[in-house]
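These notes are about the structure you will find just below.
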Amino acid sequence: MEYSTDLGRRALFALAGVALLLVVGFVLSQFLPTLVFTVFLYYASRPIYRRLGRLPMPDSFLNRAVPYQKQVHAAATIFFFLLPFVVLVGYTLVLIVPELQAFFGEGGLGAAYLAQFQDLQGGSLPGPLADLGFTDVLAMGPAEVIDLLRNARVQSWLGQISDTLIDSVSMLTALLLRVFIMFAGTYYLLTDGPRLVGWFLDTFDGSGVLREYAAAVDEELSSILFGNILNALVTGVIGIFVFSLYNLVAPGSVQVPFAPLVGALTGIGSLVPVVGMKIVYLPVTALLAVSAVVTGQPAALAWVVLFLTVTLVVVDTIPDFLIRPYVSGDLTHIGLLMFAYILGPIVFGFYGIFLGPILLVLAAQFFRIIVPYIITGSVATTQTSLSDYDSAES
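Residues 22 to 415 in this note's numbering are what the sequence shown spells out, letter by letter.
Pasting the structure below:
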């Protein structure tokens with residue numbers, strides 16, 4: 022009887038735990054894009070964080086800051102690397118949006134937003150206000166202002182303005198909240214992530230298979246998120262500014278069309294296996310050369326050669342040379358990774374370019390490590406280790 026009572030109590034605890042996990046999972050699912058970006062920012066900033074931990078520091082500072090070294094390094098990483106990087110990417114997106122609007126036609130987001138301030142039927146200010154100037158409104162007495170505000174069309178117009186402002190404030194607040202969650206989540210992953218993973222493995226990994234799985238996943242995510250995707254973002258930003266500066270000095274016949282958009286596509290093209298970003302800038306170079314010949318300006322071909330040389334050196338070679346040494350993972354098939362980059366955004370939206378590769382790595386390493394353990398009951402010997410976690414704790 023005592024055993025059955027204990028078993029029933031444990032079953033109730035298990036059900037309560039499952040219910041709690043479901044509730045937590047539901048809450049986290051509402052912030053899935055934010056959490057995905059947080060994981061990317063963590064892997065993008067972790068090498069910088071660890072490099073700061075190896076820098077020599079004055080003994081006077083170390084004596085006071087030993088208990089807070091991780092916090093200081095994490096804060097410095099976020100403020101001096103991550104925050105400028107996010108601001109730069111955000112500014113780059115601001116440059117790209119007008120190019121997308123111009124590329125896909127008239128009437129973009131700006132026009133749609135401003136239309137909310139206009140009367141839906143008349144397409145302009147409501148009649149009572151259309152004939153009044155700003156000074157006329159200021160010269161009105163209280164009674165005239167009250168009569169004007171009682172007008173149905175004026176009330177409808179003011180209601181639209183109020184709704185637009187409220188929606189704008191709500192959108193800005195939600196955006197700032199998500200940005201705060203991303204930076205705070207990155208901070209705590211840098212400072213406490215290894216300790217949390219270590220506790221989980223020590224508590225629940227009696228066989229050691231989870232340790233092998235966690236090491237393989239960590240290695241591949243570090244390679245993909247810090248190496249490949251960060252390389253694409255940096256390349257895209259560099260491409261946008263290089264192509265825009267080129268257009269400032271190049272003749273009109275050989276200027277890059279939609280330069281910010283082409284720069285962003287260059288970064289995305291770096292994710293394509295084998296050919297990389299050449300799939301973008303070589304056709305653009307050919308287009309500029311044809312334009313120079315067709316317009317009867319063969320001398321402008323010198324500018325085309327300059328464009329190709331600068332793009333090859335500054336956009337293609339330098340970012341790859343600086344970031345590629347950090348790309349060490351080779352466990353994920355490059356073809357599957359390419360499909361993850363393509364299908365991720367199609368299925369999940371804009372954040373799918375990060376979530377797609379993450380899911381691919383989780384699934385691939387599960388079949389490589391966990392499935393053989395399920396079938397054979399033994400842990401396969403692999404070359405991976407948890408040295409990253411160990412170095413973070415040291």
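The C-beta atom is built at its ideal place from N, Cα and C for all residues, glycine as well.
Beta-carbon gap between residue i and residue j smaller than 8 angstroms
i, j, result
"Leu-211", "Tyr-70", "yes"
"Tyr-234", "Ile-390", "yes"
"Gln-386", "Val-238", "yes"
"Gly-260", "Gly-297", "no"
"Ile-374", "Tyr-208", "no"
"Glu-241", "Thr-353", "yes"
"Thr-55", "Met-192", "no"
"Pro-281", "Leu-116", "yes"
"Val-57", "Tyr-302", "no"
"Leu-309", "Phe-328", "yes"
"Val-190", "Tyr-394", "no"
"Trp-324", "Ala-253", "no"
"Pro-340", "Val-255", "yes"
"His-94", "Gly-74", "yes"
"Ile-300", "Val-311", "no"
"Thr-113", "Val-258", "yes"
"Phe-247", "Pro-68", "yes"
Chain-order list of residues whose beta-carbon lies under 6 angstroms from that of residue i (same chain, five-residue window excluded)
i, result
"Gly-180", "none"
"Gln-276", "Asn-268"
"Ala-195", "none"
"Tyr-63", "Thr-207, Leu-210"
"Gln-318", "Ser-274"
"Ala-32", "none"
"Ala-361", "Gly-377, Pro-378, Leu-381"
"Phe-47", "none"
"Gly-365", "Gly-373, Ile-374, Leu-376, Gly-377"
Assigned secondary structure, residue i (DSSP; H/G/I helix, E/B strand, else coil)
i, result
"Asp-226", "coil"
"Leu-333", "helix"
"Leu-196", "helix"
"Phe-375", "helix"
"Gly-111", "helix"
"Ser-399", "coil"
"Leu-211", "helix"
"Gln-51", "coil"
"Leu-36", "helix"
"His-94", "helix"
"Gly-370", "coil"
"Leu-76", "coil"
"Thr-185", "helix"
"Thr-59", "helix"
"Thr-353", "coil"
"Asp-140", "Reliability of the predicted coordinates at Asp-140 is poor, the pLDDT of 42 falling under 50, and no value is obtained from them."
"Val-45", "helix"
Nonlocal neighbours in the same chain, by C-beta distance under 8 angstroms from residue i, ignoring five residues either side
i, result
"Val-263", "Gly-284, Val-331, Thr-332, Val-335, Val-336"
"Thr-59", "Ile-202, Met-203, Gly-206, Thr-207, Leu-210"
"Thr-316", "Ser-274"
"Ile-367", "Gly-373"
Neighbourhood of residue i by C-beta, 7 angstroms cutoff - its chain only, sequence neighbours within 5 removed
i, result
"Val-305", "Val-277, Val-283"
"Gly-290", "Gly-297, Met-298, Ile-300, Val-301"
"Phe-101", "none"
"Leu-28", "none"
"Gln-92", "Thr-212"
Residue-level contact to chain D via CB, residue i, 8 angstroms cutoff
i, result
"Lys-91", "Absent here is chain D; the protein component of the structure consists of one chain."
Inside the region 261–348 only - alpha helix (DSSP H) runs reaching at least 4 residues
280–290, 299–315, 322–331, 339–344
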